[in-house]
Amino acid sequence: MKLHEYQAKRLMAEHGLPVQTGVVIAKPSETAAALKKLGKGPWMVKAQVHTGGRGKAGGVAILKTAKEAAAFAKKILGTTLVTHQTGPQGLVVRKLLAEPAVKLERELYAAVLMNRKTGKPVLIASGEGGMDIEELAATSPEKILRLDIDPQRGLEGFHARRIAFATGLTGELMGASAVFFRDLVKMFLASDASLIEINPLGVLKGTKGRRLLALDAKVTIDDNAAFRQDELFKDADVSDLSAAERRAGKTGLSYIRLEGGIGCMVNGAGLAMATMDIIKLHGGEPANFLDVGGGANVDQVTEAFKIILSDPRVKVIFVNIFGGIMKCDVIAQGIIQAVRKMGLDRPLVVRLEGNRVEEGRKLLASSGLAITPASDLTEGAKKAVALAAASGGRPGLSDGTAGKN
Amino acid sequence: MSILVTHDTKVIVQGITGSAGSYHAKACRDYGTRVVGGVTPGKGGTTVEGIPVFNTVHDAVKATGASASMIYVPPPFAADAILEAADAGLELIVAITEGIPVLDMSRVKAALRGTRARLIGPNGPGLITPGDDPSTSSGQAKRPGCKVGIMPGHIHRPGRIGVVSRSGTLTYEAAWQLTQRGLGQSTVVGIGGDPVQGSTFVDILELFQQDPETDAVFMIGEIGGTAEEDAAHYFKSKMTKPLFAFIAGRTAPPGKRMGHAGAIVDGGPGKGGHGTAAEKRAVLEAVGVKVVDSPADMGDIVFKALRGS
Chain A
-14 MKLHEYQAKR LMAEHGLPVQ TGVVIAKPSE TAAALKKLGK GPWMVKAQVH TGGRGKAGGV
46 AILKTAKEAA AFAKKILGTT LVTHQTGPQG LVVRKLLAEP AVKLERELYA AVLMNRKTGK
106 PVLIASGEGG MDIEELAATS PEKILRLDID PQRGLEGFHA RRIAFATGLT GELMGASAVF
166 FRDLVKMFLA SDASLIEINP LGVLKGTKGR RLLALDAKVT IDDNAAFRQD ELFKDADVSD
226 LSAAERRAGK TGLSYIRLEG GIGCMVNGAG LAMATMDIIK LHGGEPANFL DVGGGANVDQ
286 VTEAFKIILS DPRVKVIFVN IFGGIMKCDV IAQGIIQAVR KMGLDRPLVV RLEGNRVEEG
346 RKLLASSGLA ITPASDLTEG AKKAVALAAA SGGRPGLSDG TAGKN
Chain B
-17 MSILVTHDTK VIVQGITGSA GSYHAKACRD YGTRVVGGVT PGKGGTTVEG IPVFNTVHDA
43 VKATGASASM IYVPPPFAAD AILEAADAGL ELIVAITEGI PVLDMSRVKA ALRGTRARLI
103 GPNGPGLITP GDDPSTSSGQ AKRPGCKVGI MPGHIHRPGR IGVVSRSGTL TYEAAWQLTQ
163 RGLGQSTVVG IGGDPVQGST FVDILELFQQ DPETDAVFMI GEIGGTAEED AAHYFKSKMT
223 KPLFAFIAGR TAPPGKRMGH AGAIVDGGPG KGGHGTAAEK RAVLEAVGVK VVDSPADMGD
283 IVFKALRGS
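Residue numbers (my numbering), protein chains in the order written: chain A, -14 to 390; chain B, -17 to 291.
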């Protein structure tokens, strides 16, 4: 689960990390009252969307007056922000975060994430922040410090010293730096984060000397830890998900909407990906990724099939099942139950293999449904692609005219 | 004849009184696995399908002499179950559980260093050393198999091809294609779809390389991480047996998690190589691994390479 910047900063504040107290604006009319809480401008106002590259895409502005800020809020709230990370469809801006604008003396980079190779968290720090870390990694890798962290012990004193000297956070900032990075790792471990990225981490020069301030925060929490991070998951923003994706999530199905016209229902994530791949290999385009899971019951299969049927772009449905724990007759019952409620107005290609395959095939055969059977993966994919092409338009590409649901 | 398990391996089932645990304890025993006990705290002294249940792994090991465990314990308690198995001295721990927090696995992995335990999974189908199909009557004595996992046993045949995979059902697909082309398997290992795994591709490839009864290996990778790239490096420097591969997810959109916790093409910071299927394929092919385009050709490519076309 990705946190918005304002949620991430709230969490950071709870862990004692230096962030500004900002205000969230959801409606243009709230702007003036919200900014009043921050005091005098200028303010930094930022679109709250789950992506990077907001600044370049026009999602961040420094504004001097309440009037300017209200105009910006009116212009950007409810619109779609397209950044280099979102893809062409972009993300809808539903909230803004406003903070007092600050002048930074330096910009640094800090992140903690899980290193899959070592199975340990890794802390990444650089004295050069504010820019794309990928670019820095490519051009000057020596400017990036990577430290493996023991998940039991957290950050050690020597780690803190290495970071301070490598990033130039020495002198009066050395103590603050040690505390900052120690607490950053503590937060990573305590909140089951899979990523915390602070870019930029700023150095401010005030009347009482220099201090650190986290200007931006990208935080992702491990979905598997939802059972013990309920406070965080309670505030999950699912508005970027489609209705079908939310519906699938509630049923315990893994569903991702794609651009094509061939609806897929598969058991197992690997086989579901492979099914998309083979459709594309034969010239079609999948409409979705859908993994009904290893041990789904009839109701879950029914719901999965209904989700596919409800997608008006779907021209052909391809069911590809290799039953291990999953019983093929459960799949057949689920399909029949869904079709009984919603009807079947599009071609259906079914490939069943594995556990209780004969029972499953018999159920489908005696159901009277118009099913195109396939004996293996290739045949199933080819038939689905051909049927999609026959239903008009480019093979498997949705033209938005198919389906009546 | 195999890696990790033989028909002599004695196996206990942690979480045996749950629905998945009891179902698969029986299915594994029916296949021929020596399932000698189960563990559920508080249910010691009872039986499941005639299998004795113990309160702790230590009790079970003492009473049965088991060397392997298969874990069906729910995610909040699974890390503790793995540590208990390691502490009881088990050599092989197969964690089937899906949904264990990544940090729990990170801590487990750190704790297992220095123990004799080898962890397979979590979030995978387990492993199988196939036995002869009991339904065919060839007149010869049947070789019993050992299944420590949730895969359907009947799609496998004993033989000389190793299979290692991050997937579940796609592994069944591969085993089934090999079987249909007359190519049996030495051992089929699902290492799981999580970002932090007990055993990596390289760990398992090393075992297949050392196994005198494995002739070639099929590897099923997927998007996310760099495990396939590590495998390519190992293949180039240490492996003499042929390696074949399929990488799932070439059509996966970036930034979306494709079912498996570890299957994501990542724009994350500071790491070259974002885990796309194309990148992985290129790295594997550059060192001489044969990578199939289509998941329907996994059996064919091995057949053609080993038997001539």
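Just so you know, even glycine gets a beta-carbon here, dropped at the ideal spot from N, CA and C.
What does lysine 265 of chain A touch in chain B if you count any residue whose Cβ is under 8 Å from its own?
Contacts between lysine 265 of chain A and chain B, judged by CB atoms closer than 8 Å, involve Arg232 and Thr233 in chain order.
Taking the alpha-carbon positions, what's the alanine 161 of chain A to leucine 189 of chain A distance?
For alanine 161 of chain A and leucine 189 of chain A, the distance between alpha carbons rounds to 12 Å.
Could you please tell me which residues of the region 155 to 183 of chain A, in chain order, have their CB closer than 7 Å to any CB of chain B?
From the region 155 to 183 of chain A, only Leu174, Asp177, Ser179, Leu180 and Glu182 have a Cβ closer than 7 Å to chain B.
Neighbouring residues, chain A, relative to lysine 304 of chain B (Cβ below 9 Å)
An answer regarding residue 304 of chain B cannot be provided, because it is not within the stretch -17 to 291 covered by chain B.
Euclidean distance between Cα positions of glycine 255 of chain A and aspartate 185 of chain B:
Those two C-alpha atoms are separated by around 21 Å.
Which same chain residues, not among the five before or five after serine 239 of chain A, have their C-beta less than 6 Å away from its C-beta?
Excluding residues within five positions, the ones whose Cβ falls inside 6 Å are Asp276.
Using 8 Å as the threshold, is the region 288 to 307 of chain A in touch with the region 265 to 277 of chain B, meaning 3 or more CB pairs across them?
Contact between the region 288 to 307 of chain A and the region 265 to 277 of chain B is absent, because fewer than three Cβ pairs lie under 8 Å.
Suppose only complete runs of 4+ residues qualify. What are the alpha helix (DSSP H) ranges in the region 245 to 322 of chain A, listed by chain order?
Taking only runs of at least 4 residues, the alpha helix (DSSP H) segments lying wholly in the region 245 to 322 of chain A are 254 to 266 and 283 to 294.
Count the other CB atoms within 10 Å of the CB of valine 69 of chain A; is the residue buried (16 or more) or exposed (fewer)?
Per the sequence shown, residue 69 of chain A should be read as histidine rather than valine. When all chains shown are included, histidine 69 of chain A counts as exposed.
What does the alpha-carbon distance come out to for the pair tryptophan 28 of chain A and lysine 193 of chain A?
Spanning the alpha carbons of tryptophan 28 of chain A and lysine 193 of chain A requires a straight line of approximately 22 Å.
Looking at C-beta atoms only, is the number of pairs between the region 24 to 33 of chain B and the region 324 to 331 of chain A that lie closer than 8 Å three or more?
The way I'd put it, the region 24 to 33 of chain B doesn't touch the region 324 to 331 of chain A; fewer than three beta-carbon pairs between them come closer than 8 Å.
Quick one: list the residues of chain A neighbouring valine 17 of chain B, beta-carbon separation under 7 Å, in chain order.
Within chain A, no residue has its beta carbon less than 7 Å from that of valine 17 of chain B; the closest one is some 17 Å off.
Taking only the alpha-carbon atoms, compute the straight-line gap between glycine 191 of chain A and glutamate 216 of chain A and give it to the nearest angstrom.
Rounded to whole angstroms, glycine 191 of chain A to glutamate 216 of chain A spans 35 Å at the Cα level.
Option nearest glycine 174 of chain B by Cα separation, candidates B:Thr196, B:Gly206, B:Gly164 and B:Asp197:
Checking every option, the nearest Cα to that of glycine 174 of chain B belongs to B:Gly206.
How would you label threonine 65 of chain A, buried or exposed, when you count the other beta carbons within 10 angstroms and need 16 or more for buried?
In the assembly as shown, threonine 65 of chain A is an exposed residue. Its beta-carbon has fewer than 16 other beta-carbons within 10 Å.
Supposed close pair aspartate 135 of chain A, glycine 1 of chain A - CB separation, criterion 8 Å
The beta carbons of aspartate 135 of chain A and glycine 1 of chain A sit about 21 Å from each other, so the pair does not count as a contact at 8 Å.
Relative to the C-alpha of isoleucine 321 of chain A, which candidate in A:Ile47, A:Val204 and A:Leu354 has its C-alpha closest?
When only C-alpha atoms are compared, the closest one is A:Leu354.
Can you give, in chain order, each stretch of the alpha helix (DSSP H) that sits fully within the region 153 to 200 of chain A and has at least 4 residues?
If we require 4 residues or more, the alpha helix (DSSP H) runs fully inside the region 153 to 200 of chain A come out as 159 to 175.
Is there a Cβ of chain A sitting closer than 7 Å to that of alanine 92 of chain B, yes or no?
Alanine 92 of chain B belongs to the set of residues whose beta carbon lies under 7 Å from a beta carbon in chain A.
Tell me the DSSP secondary structure of serine 383 of chain A in three-state form.
Reliability fails at serine 383 of chain A, whose pLDDT of 44 lies under 50, so the model's placement of it is uncertain and the value that follows must be treated cautiously. In the structure shown, serine 383 of chain A sits in coil (DSSP, three-state: anything other than H, G, I, E or B).
Buried or exposed by the 16-neighbour rule on C-beta atoms within 10 Å, applied to phenylalanine 183 of chain B:
Looking at its Cβ environment, which holds 16 or more other Cβ atoms inside 10 Å, phenylalanine 183 of chain B is buried.
Does any residue of chain B bring its CB to less than 7 Å from the CB of asparagine 252 of chain A?
Look at asparagine 252 of chain A: its C-beta is under 7 Å from a C-beta on chain B.
Three or more C-beta pairs under 8 Å: does that hold for the region 74 to 91 of chain A against the region 172 to 189 of chain A?
Pairwise C-beta distances place the region 74 to 91 of chain A in contact with the region 172 to 189 of chain A, as three or more of them are shorter than 8 Å.
Evaluate the contact criterion for the region 339 to 349 of chain A versus the region 362 to 376 of chain A: three or more CB pairs, one atom per stretch, below 8 Å.
With the cut-off at 8 Å, the region 339 to 349 of chain A and the region 362 to 376 of chain A do not touch.
Residues of the region 148 to 170 of chain B in Cβ contact with chain A at a cutoff of 8 Å, in chain order, please.
So the close ones are Arg148, Ser149, Gly150, Thr151, Leu152, Thr153, Tyr154, Glu155 and Trp158.
Identify the contact partners of glutamate 230 of chain A in chain B, using a Cβ-Cβ distance below 7 Å as the criterion.
Within chain B, no residue has its CB atom less than 7 Å from the CB of glutamate 230 of chain A, the nearest being about 10 Å off.
Closest Cβ-Cβ distance between glutamate 204 of chain B and chain A: below 7 Å?
A Cβ of chain A is located within less than 7 Å of the beta carbon of glutamate 204 of chain B.
List the residues of chain B whose Cβ lies closer than 7 Å to the Cβ of serine 239 of chain A, in chain order.
Residues of chain B passing the Cβ test: Gly241.
What distance in whole Å lies between the Cβ atoms of leucine 189 of chain B and leucine 74 of chain B, which are believed to be in contact at a cut-off of 8 Å?
Not really, about 11 Å apart at Cβ, beyond 8 Å.
Enumerate, from N- to C-terminal direction, the unbroken beta strand (DSSP E) stretches of 3 or more residues contained entirely within the region 82 to 166 of chain A.
Listed in chain order, they are 91 to 100, 105 to 111 and 129 to 133.
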